[in-house]
Amino acid sequence: MHWVTIIIVGLAANLDNLGIGLAYGVKDTRIPILSNIIIAFISMTFTYFAVIAGGTLSEYISPNMANYVGSSLLCVIGLWTLFSKRLTNPEPFKNPELIDWDDNHVISWREAIYLGLILSLNCMASGLGIGANGISALWTVLSIGFFSLVTIGIGSHFGYLLNKTFIGKYSTSISGWLLIIIGLYEMLV
Numbered sequence: 372m373h374w375v376t377i378i379i380v381g382l383a384a385n386l387d388n389l390g391i392g393l394a395y396g397v398k399d400t401r402i403p404i405l406s407n408i409i410i411a412f413i414s415m416t417f418t419y420f421a422v423i424a425g426g427t428l429s430e431y432i433s434p435n436m437a438n439y440v441g442s443s444l445l446c447v448i449g450l451w452t453l454f455s456k457r458l459t460n461p462e463p464f465k466n467p468e469l470i471d472w473d474d475n476h477v478i479s480w481r482e483a484i485y486l487g488l489i490l491s492l493n494c495m496a497s498g499l500g501i502g503a504n505g506i507s508a509l510w511t512v513l514s515i516g517f518f519s520l521v522t523i524g525i526g527s528h529f530g531y532l533l534n535k536t537f538i539g540k541y542s543t544s545i546s547g548w549l550l551i552i553i554g555l556y557e558m559l560v
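Be aware that the sequence shown starts at 372, since it is given in the numbering used here, and climbs by one per residue.
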């Protein structure tokens, strides 16, 4: 089993969650556990379907080609992550307080659904590449869910302190580089 890949993908796919948690922590906006669970559940659901889709795709091509396609896809997603931040910066990431529609400094379960959909896009893209590589959907989904809960929880709790660190400032870039490294690693294994 590709345990290292599963753990690193779980972490890489959720580094944006750390950034969002940090942004909310700095703004003194709480993300209750129920909202955090909703965000993690949405990410897990999107990841599961993406891994299954990637796995289905791999059934129609040889295992070596599936591994190459999946690994290349992870590298491309990593590159896209690195460059998309420079080209566009979605409003919720620039101003996450915009998702706090009722302006009560608490992310409600309804607001968490919207936030979960935004944050699940990175998980979904990574899941497609993982599925094409034939890596376990169950363990990948559990890794994504675990790291989603942890990164948002840590980020919102330590917002101001961590926002000043290297990880807080460069979470998207670190995520992109990790995906590229995973893709290259999977090509060589």
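Yeah, the Cβ is synthetic: ideal placement off N, Cα and C, and Gly gets one too.
Return the CA-CA distance between residue i and residue j, expressed in angstroms with no decimal places.
i: G426; j: L450; result: 22 Å
i: I506; j: S527; result: 31 Å
i: F420; j: I501; result: 11 Å
i: L389; j: Y395; result: 10 Å
i: R481; j: P403; result: 12 Å
i: L492; j: I523; result: 16 Å
i: V375; j: L488; result: 26 Å
i: L486; j: A496; result: 17 Å
i: A508; j: I432; result: 19 Å
Skipping 5 residues on each side, what residues in its chain have a beta carbon closer than 7 Å to that of residue i?
i: A411; result: G516, S519 and L520
i: S514; result: I377, I378, V380 and G381
i: D399; result: H476
Excluding the 5 residues preceding and the 5 following residue i in the sequence, name in chain order all residues of the same chain whose CB lies nearer than 8 Å to its CB.
i: L555; result: S442 and C446
Who are the Cβ neighbours of residue i in its own chain at under 6 Å, not counting the five residues just before and after it?
i: Y439; result: none
i: M558; result: S442
i: G498; result: T418, A421 and V422
i: A384; result: N493, C494, S497 and I515
- Item | Whole alpha helix (DSSP H) elements within the stretch 382-451, 4-residue minimum | 386-397 and 404-429
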